[in-house]
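Student: Protein chains in written order, with the numbering used here: chain A, 1238 to 1460; chain B, 564 to 677. Input: one structure, supplied below.
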């Protein structure tokens, strides 16, 4: 028996495709965000509110990833922005290739910001790059403050965390302070926003920050 | 949950390597999986069996080596193992840490018949 050394990353094909997507996005100086959370944390609600607040100043597009159906894309389309639905037909995450195949169906030259709303799942999407500039994740207070330490990978990979449904804090056992403590342990550079998409609380800080990121990419050097 | 697509990637990479090295009969694939990667080893081996059944790779083995988590302190530069997420260097108490092992997901080698 002979042992042949290989040493190749299992995700190398996906990483390469994601890198190619990224080059396309960079050419348009388009900021791309990979938005991830558990199902029901409020990703689509956040996008609706974000679009309402920013669409006069920033041209926003959305790629919706869902296992089945196009409910989310229909909600986003109501806001009058470019939206594309990807159905993964069972897959628990979006990957670089799904995004690559979707791109010809979008007009990237008409966008400043593209948000890829990933399949609701706190585990798998963190392993698969799609070509994003940054990952942003959401956690709703109803999920509990133990989630960062139970699902550390996504918290480590993300640039920002949006804690949603803070209007429900009086009714749940989740303590934002505990989430912050756990996040500090996992990813001390993570930017944290406390919001309620239902009441609008805290959304301005998020959209201000996001707008700055979009402008940074617009004016930044081409990588 | 994404083990199936990972295993398909593994099979694709191994097919390329077999061709490159002129390998006719594979015996096993040696895979390194970090404890901090979002992968369930038992599911990987099950998916491998399913995806290779009725193919030339049927009966070959996917060996998985679990890689423990190791941190390096960015201040005192010492390395130390950890069961999970670490927040402080056990030597100098610094919180400036980097996980250097534990996120692996790579094929290390293939074993072939002579």
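For each residue, glycine too, the CB sits at the ideal point set by N, CA and C.
Any C-beta of chain D sitting closer than 7 Å to the C-beta of residue 1319(A)?
Tutor: The question asks about chain D, but that chain is absent: this structure's protein chains are A and B.
Student: Does DSSP put residue 1315(A) in a helix, in a strand, or in coil?
Tutor: coil
Student: Between the C-alpha atoms of residue 1459(A) and residue 1450(A), what's the straight-line distance to the nearest angstrom?
Tutor: Confidence at residue 1459(A) is low in this model, with a pLDDT of 47, below 50, so its placement is unreliable and the value that follows should be read with caution. Going from the Cα of residue 1459(A) to the Cα of residue 1450(A) covers about 15 Å.
Student: Can you tell me whether DSSP reads residue 1237(A) as helix, strand or coil?
Tutor: Only positions 1238 to 1460 of chain A appear in this structure, which leaves residue 1237(A) out of reach.
Student: Taking CB distances under 7 Å as the criterion, tell me whether residue 1364(A) reaches chain B.
Tutor: yes
Student: Relative to the alpha-carbon of residue 1273(A), which residue among 1385(A), 1358(A), 1411(A) has its alpha-carbon at the smallest distance?
Tutor: Of the listed residues, the one whose Cα sits closest to residue 1273(A) is 1358(A).
Student: When burial is assigned at 16 or more other CB atoms within 10 Å of the CB, is residue 1383(A) buried or exposed?
Tutor: exposed
Student: At least one CB of chain A closer than 7 Å to the CB of residue 645(B): is that the case?
Tutor: no
Student: Starting from residue 673(B), find everything on chain A with Cβ-Cβ shorter than 7 Å and list it in chain order.
Tutor: Simply 1241, 1243.
Student: For residue 588(B), I'd like the list of residues in its chain whose CB is within less than 7 Å of its CB, leaving aside the five on either flank, ordered along the chain.
Tutor: 675, 676
Student: Pairs of beta-carbons, one from the stretch 1328-1346 of chain A and one from the stretch 1375-1389 of chain A, closer than 8 Å: are there three or more?
Tutor: no
Student: Expressed to the nearest angstrom, what Euclidean distance is found between the alpha-carbon atoms of residue 1396(A) and residue 1374(A)?
Tutor: Rounded to the nearest whole angstrom, the CA to CA distance from residue 1396(A) to residue 1374(A) is 8 Å.
Student: By how many angstroms is the C-alpha of residue 1325(A) removed from the C-alpha of residue 635(B)?
Tutor: 38 Å
Student: Per DSSP, what kind of secondary structure is residue 1427(A) in: helix, strand or coil?
Tutor: coil
Student: From the beta carbon of residue 648(B), is the nearest beta carbon of chain A less than 7 Å away?
Tutor: yes
Student: From the DSSP output, in three-state form, read off residue 1421(A) for me.
Tutor: helix
Student: Roughly how many angstroms lie between the CA atoms of residue 599(B) and residue 1293(A), to the nearest whole one?
Tutor: 42 Å
Student: Measure the CB-CB distance between residue 1318(A) and residue 1300(A) and report whether it falls below 7 Å.
Tutor: no
Student: In three-state DSSP terms, what is residue 1346(A)?
Tutor: Assignment of residue 1346(A) by DSSP, reduced to helix, strand and coil, places it in the helix class.
Student: Around the Cβ of residue 1456(A), are there at least 16 other Cβ atoms within 10 angstroms (buried) or fewer (exposed)?
Tutor: exposed
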